[in-house]
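S.K.: One structure follows; several queries about it will come next.
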Amino acid sequence: MSDRQQVEPTGSNLADGSAQEGPPAREAARTAGGEPAAALEARGITKRFPGVVANERVSFAAAAGEVHALLGENGAGKSTLCSIMTGSYRPEEGELFVRGEAVRFRSPRDAHAAGIGMVHQHFRLVPSMTVAENVVLGWSQRSRLRFSPRSVEAEVAEVAERYHVRVNPRAMIWQLSLGEQQRVEILKALYREARILLLDEPTAVLAAGEVDDLFASIRRLTADGGTVVFVSHKLPEVMEVADRVTVLRRGRTIGTVAKAGTTPRALAKMMVGREVDLPEKVPDAGAGERPVVLRLEGVSAAGDLGGESLREVSLDVHEGEILGVAGVAGNGQRELAEVISGLRPSSRGRVMVRGRRISGDPRAAIDAGVAFVPEDRMGTGVAGSLPIADNCVLKSYRRRPFSRGPLLRSRVVGAHAARLMDRYDVRAPGPRTLVRQLSGGNVQKLVLAHELAEDPALLVAQSPTHGLDVGAIDAVRRVLLGAASRGVGILLVSEDLDEVLEMSDRVAVMYEGRVVDVFDAADVDVDRVGILMAGGQE
Numbered sequence: 005m006s007d008r009q010q011v012e013p014t015g016s017n018l019a020d021g022s023a024q025e026g027p028p029a030r031e032a033a034r035t036a037g038g039e040p041a042a043a044l045e046a047r048g049i050t051k052r053f054p055g056v057v058a059n060e061r062v063s064f065a066a067a068a069g070e071v072h073a074l075l076g077e078n079g080a081g082k083s084t085l086c087s088i089m090t091g092s093y094r095p096e097e098g099e100l101f102v103r104g105e106a107v108r109f110r111s112p113r114d115a116h117a118a119g120i121g122m123v124h125q126h127f128r129l130v131p132s133m134t135v136a137e138n139v140v141l142g143w144s145q146r147s148r149l150r151f152s153p154r155s156v157e158a159e160v161a162e163v164a165e166r167y168h169v170r171v172n173p174r175a176m177i178w179q180l181s182l183g184e185q186q187r188v189e190i191l192k193a194l195y196r197e198a199r200i201l202l203l204d205e206p207t208a209v210l211a212a213g214e215v216d217d218l219f220a221s222i223r224r225l226t227a228d229g230g231t232v233v234f235v236s237h238k239l240p241e242v243m244e245v246a247d248r249v250t251v252l253r254r255g256r257t258i259g260t261v262a263k264a265g266t267t268p269r270a271l272a273k274m275m276v277g278r279e280v281d282l283p284e285k286v287p288d289a290g291a292g293e294r295p296v297v298l299r300l301e302g303v304s305a306a307g308d309l310g311g312e313s314l315r316e317v318s319l320d321v322h323e324g325e326i327l328g329v330a331g332v333a334g335n336g337q338r339e340l341a342e343v344i345s346g347l348r349p350s351s352r353g354r355v356m357v358r359g360r361r362i363s364g365d366p367r368a369a370i371d372a373g374v375a376f377v378p379e380d381r382m383g384t385g386v387a388g389s390l391p392i393a394d395n396c397v398l399k400s401y402r403r404r405p406f407s408r409g410p411l412l413r414s415r416v417v418g419a420h421a422a423r424l425m426d427r428y429d430v431r432a433p434g435p436r437t438l439v440r441q442l443s444g445g446n447v448q449k450l451v452l453a454h455e456l457a458e459d460p461a462l463l464v465a466q467s468p469t470h471g472l473d474v475g476a477i478d479a480v481r482r483v484l485l486g487a488a489s490r491g492v493g494i495l496l497v498s499e500d501l502d503e504v505l506e507m508s509d510r511v512a513v514m515y516e517g518r519v520v521d522v523f524d525a526a527d528v529d530v531d532r533v534g535i536l537m538a539g540g541q542e
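Shown next, in the form of structure tokens:
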């Protein structure tokens, strides 16, 4: 028997009579009146921050044995509500109930003891520690005096195998892609044996096969009487996995509907208060006849774990073309983007931009006309502690008209930033607003603004809509399509297969660092792409 702590709801205020009989089956998770029995409920929750009402009399109830989706734009109050339901925040008004009994959480540990776990959108991992160490950090209760890394790794591996969460327990967090780090966060909650699991944008960096695995794990939990609160902006996924949906807008509950009685269009309208149709690219059969802006010839590159993560990759991107790169996270996509943008040197092969060879030199890539939208927008794409104005000239502050000799011309920089904010709809009080105060969607629009302001020949966009709400996704997609229409070649790297298929002229599939096939988007066989992404053959 494992010697890690077995977590079950304790205390008289949490007892519901089911502990001795095991979790109720999905069909039994009903009240006498036929309504779903609430495993987790919030009534009239209000939470204020200085100058902001994040939640205003919000009500929400998720039943035992169901997947309950929570939808809303960035800033709608979803994460605040989840933080309240998991003990990170305390509300000024309202009550929480777990299995029908009122509770007051003083900390996340109280929520864990009640069987509630949360996977946050912004990861809470220690980069210098292993996967296993992060999973048990602050939680593992061991009877032995000596801490045994191997036994902990075995425990974590067993939970990972049970829920089909593919991750190496011995890997360091800093060596993992964002998709792999997301799996670690999910594994942390599952290790704590949460019966009520809140997932904040859990599929944002997962590929199609990984999403299927996650959904299988979710269904196992709910079929066993568990509860999953699924916070997502991806309406097709909500329609696939959810039983009911609650929509928040501007901190208020707009309504709760059964999945069977609604549509993605209706949900999008509830979220943003208007009709939303996400733009898609009409594949351009003539793109291959235009000049090549990016050419990779047998490019290989070392990964952070040692060995080659990029292997003999050859690709062309033409003017005005969007070439989408599909693949499960950790199969060389990040290394590909970094090699092209000059952040990682290639070990073999040639990287050519408009006929100019570049390798391992970000300045050479910039001078050749490469723009880069990184996966980690707040860590690499912008300087969060600087104002918008300064971020708008991160690549161009050395030259006129933004500087004169060693001096930066603040007024000119501010006017330039104001123009970009207006053109790309970056919503903030003004150019002197600190970037860390912006929502995720506005940060991404700012990254695109300062990258495209340089009139690049090539834009490398890595997970450009990761974590964004439907309104921000709409804006980002329109920016990318507009850039392509002006002749910018775009390499779109995304673990969101739907996005790759909807936005690309051609699709390249990567597996274990290699490009295994390239398709015209108009002729893509989704099943074939999925098989290739998983390492299978036709």
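Following the working numbering, the numbering of the sequence shown begins with 5 at its first residue and continues without gaps. The beta-carbon is built from N, C-alpha and C at its ideal position, and this holds for glycine as well. Since this is a predicted model, take the numbers as computed values, not measurements.
1) Where does the unbroken beta strand (DSSP E) through Q466 begin, and where does it stop?
2) Could you check where the alpha helix (DSSP H) with K51 kicks off and where it finishes?
3) For H322, name the three-state secondary structure that DSSP assigns.
4) In this structure, how does DSSP classify G328 when only helix, strand and coil are distinguished?
5) Kindly list the residues whose CB is nearer than 6 angstroms to the CB of L194, restricted to its own chain and excluding five residues on each side of it in sequence; keep chain order.
6) Would you please state the rounded distance, in angstroms, between the beta carbons of A479 and G445? I believe it to be under 8 angstroms.
7) Select from F109, N78, G104 the residue whose C-alpha is nearest the C-alpha of G91.
8) Can you tell me whether T226 is helix, strand or coil according to DSSP?
9) Can you tell which of D394, N335, G534 has its C-alpha closest to the C-alpha of R518?
10) Thinking C-beta only, is R338 closer than 8 angstroms to S181?
11) Looking at A453 and V492, is the spacing between their C-beta atoms short of 8 angstroms?
12) Please confirm whether R199 and G230 have their CB atoms less than 8 angstroms apart.
13) Considering only residues of the region 379–430, which uninterrupted beta strand (DSSP E) runs meet the minimum length of 3 residues and lie entirely inside it, listed in chain order?
14) With C-beta atoms as the reference, is H322 less than 8 angstroms away from A369?
15) Determine the burial state of F53: buried for a count of at least 16 other Cβ atoms within 10 Å of its Cβ, exposed for fewer.
16) Three or more beta-carbon pairs under 8 angstroms between the region 239–246 and the region 70–78, yes or no?
17) Between the beta-carbon of L202 and the beta-carbon of M122, is there less than 8 angstroms?
18) From the DSSP output, in three-state form, read off R199 for me.
19) Taking its Cβ as the centre, do 16 or more other Cβ atoms sit within 10 Å of R103, making it buried, or is it exposed?
20) Is DSSP giving R544 helix, strand or coil here?
21) Do you know offhand how far M514's Cα is from V528's?
22) Do three or more CB pairs link the region 256–271 to the region 339–348 at distances below 8 angstroms?
23) What did DSSP end up calling N78 once you bin it into helix, strand or coil?
24) Assuming contact is defined by CB atoms lying nearer than 8 angstroms, are V483 and Y428 in contact in what I supplied?
25) If we count the other Cβ atoms within 10 Å of its Cβ and call it buried at 16 or more, is D380 buried or exposed?
26) Out of curiosity, what's the CA-to-CA distance linking G353 and D308?
27) Report buried or exposed for R481, applying the criterion of at least 16 other Cβ atoms within 10 angstroms of its Cβ.
28) Where do the ends of the alpha helix (DSSP H) carrying R482 lie?
29) DSSP three-state label for R187, please.
30) Just the C-alpha distance for F64 and D500, rounded to the nearest angstrom, thanks.
31) Check whether the Cβ atoms of V377 and E455 lie closer than 8 angstroms to each other.
32) Starting from N138, trace the alpha helix (DSSP H) in both directions and tell me its first and last residue.
33) Considering only the alpha carbon of each residue, which of I344, L438, S152 lies closest to L495?
34) Please classify L141: is it buried, with 16 or more other beta-carbons within 10 angstroms of its beta-carbon, or exposed?
35) Which whole-angstrom value describes the C-beta separation of G324 and A488, a residue pair presumed to lie in contact below a C-beta threshold of 8 angstroms?
36) Looking at M275 and G259, is the spacing between their C-beta atoms short of 8 angstroms?
M.R.: Taking the geometry as given:
1) Position 462 of the sequence shown, counted from the first residue, corresponds to residue 466. Looking at the DSSP string, the run of the beta strand (DSSP E) that includes Q466 is 462–466.
2) The sequence position of residue 51 within the sequence shown is 47, counting from 1. Careful: K51 lies outside any alpha helix (DSSP H), inside the beta strand (DSSP E) at 42–53.
3) Along the sequence shown, one-based indexing puts residue 322 at 318. DSSP places H322 in strand when its eight states are reduced to three.
4) Counting from one through the sequence shown, the residue named residue 328 turns up at place 324. Reduced to three states, the DSSP call for G328 is strand.
5) As a first step, residue 194 must be located in the sequence shown, where it is residue number 190. Around L194: V163, Y167.
6) Working through the sequence shown from its first residue, we reach residue 479 at position 475. Working through the sequence shown from its first residue, we reach residue 445 at position 441. Indeed they touch by this definition, with Cβ atoms about 7 angstroms apart.
7) The residue labelled residue 91 in the question sits at position 87 within the sequence shown. Answer by Cα proximity: F109.
8) As a first step, residue 226 must be located in the sequence shown, where it is residue number 222. The three-state secondary structure of T226, taken from DSSP, is helix.
9) Here residue 518 corresponds to residue number 514 of the sequence shown, with the count starting at 1. Among D394, N335, G534, the Cα nearest to that of R518 is on N335.
10) Within the sequence shown, residue 181 is the residue found at index 177, counting from 1. Within the sequence shown, residue 338 is the residue found at index 334, counting from 1. Their beta carbons are under 8 angstroms apart, which means S181 touches R338 by this criterion.
11) Position 488 of the sequence shown, counted from the start, is the residue given in the question as residue 492. Position 449 of the sequence shown, counted from the start, is the residue given in the question as residue 453. No, these two residues do not count as a Cβ contact at 8 angstroms.
12) Along the sequence shown, read from residue 1 onward, the residue named residue 199 stands at position 195. Along the sequence shown, read from residue 1 onward, the residue named residue 230 stands at position 226. For R199 and G230, yes; Cβs fall inside 8 angstroms.
13) none
14) In the sequence shown, counting from the first residue as 1, residue 322 sits at position 318. In the sequence shown, counting from the first residue as 1, residue 369 sits at position 365. Not a contact, by the Cβ cut-off of 8 angstroms.
15) To locate residue 53, count along the sequence shown from 1; it is residue 49. Exposed: under 16 other Cβ atoms inside 10 Å.
16) Contact check between the region 239–246 and the region 70–78: three or more CB pairs, one atom from each, fall below 8 angstroms, which counts as touching.
17) The residue labelled residue 202 in the question sits at position 198 within the sequence shown. The residue labelled residue 122 in the question sits at position 118 within the sequence shown. Going by C-beta atoms, L202 is nearer than 8 angstroms to M122.
18) Within the sequence shown, residue 199 is the residue found at index 195, counting from 1. Note: R199 maps to coil in three-state DSSP.
19) What you label residue 103 is simply residue 99 of the sequence shown in a count that begins at 1. Within 10 angstroms of the beta-carbon of R103 lie 16 or more other beta-carbons, which makes it buried.
20) It is not possible to answer for residue 544, since the shown part of the chain is limited to 5 through 542.
21) Residue mapping note: residue 514 aligns to position 510 of the sequence shown, counting from 1. Residue mapping note: residue 528 aligns to position 524 of the sequence shown, counting from 1. Those two C-alpha atoms are separated by around 15 angstroms.
22) no
23) Locating residue 78 in the sequence shown gives position 74, counting from the first residue. It is coil, neither helix nor strand.
24) For the purposes of this step, residue 483 is taken as the residue at position 479 of the sequence shown. For the purposes of this step, residue 428 is taken as the residue at position 424 of the sequence shown. Yes, Cβ-Cβ distance for V483 and Y428 is below 8 angstroms.
25) Taking the sequence shown and counting its residues from 1, one reaches residue 380 at position 376. Exposed, because fewer than 16 other Cβ atoms sit within 10 Å of the Cβ of D380.
26) Within the sequence shown, the letter at position 349 stands for residue 353. Within the sequence shown, the letter at position 304 stands for residue 308. Answer to the nearest angstrom: the Cα atoms are 19 angstroms apart.
27) Here residue 481 is taken as the residue at index 477 of the sequence shown, counted from 1. Label assigned to R481: buried.
28) Your numbering for residue 482 matches position 478 in the sequence shown. 474–489 is the span of the alpha helix (DSSP H), which, as asked, contains R482.
29) Numbered from 1 along the sequence shown, position 183 holds the residue referred to as residue 187. In the three-state DSSP reduction, R187 falls in the helix class (H, G or I).
30) Start at 1 with the first residue of the sequence shown, and residue 64 comes out as number 60. Start at 1 with the first residue of the sequence shown, and residue 500 comes out as number 496. When only Cα atoms are considered, F64 and D500 end up about 29 angstroms apart.
31) The residue you call residue 377 lines up with position 373 of the sequence shown. The residue you call residue 455 lines up with position 451 of the sequence shown. Yes; because the gap between Cβ atoms is below 8 angstroms, this pair is in contact.
32) Within the sequence shown, the letter at position 134 stands for residue 138. Per DSSP, N138 belongs to the alpha helix (DSSP H) from 135–140.
33) Within the sequence shown, numbered from 1, the residue matching residue 495 stands at position 491. For L495, the nearest C-alpha among the options comes from I344.
34) Mapped onto the sequence shown, residue 141 falls at position 137. L141 comes out exposed.
35) For the purposes of this step, residue 324 is identified with residue 320 of the sequence shown, where counting begins at 1. For the purposes of this step, residue 488 is identified with residue 484 of the sequence shown, where counting begins at 1. Going by Cβ atoms, the distance from G324 to A488 rounds to 5 angstroms, so yes, they are a contact pair.
36) Here the question's residue 259 lines up with position 255 in the sequence shown. Here the question's residue 275 lines up with position 271 in the sequence shown. Going by C-beta atoms, G259 is not nearer than 8 angstroms to M275.
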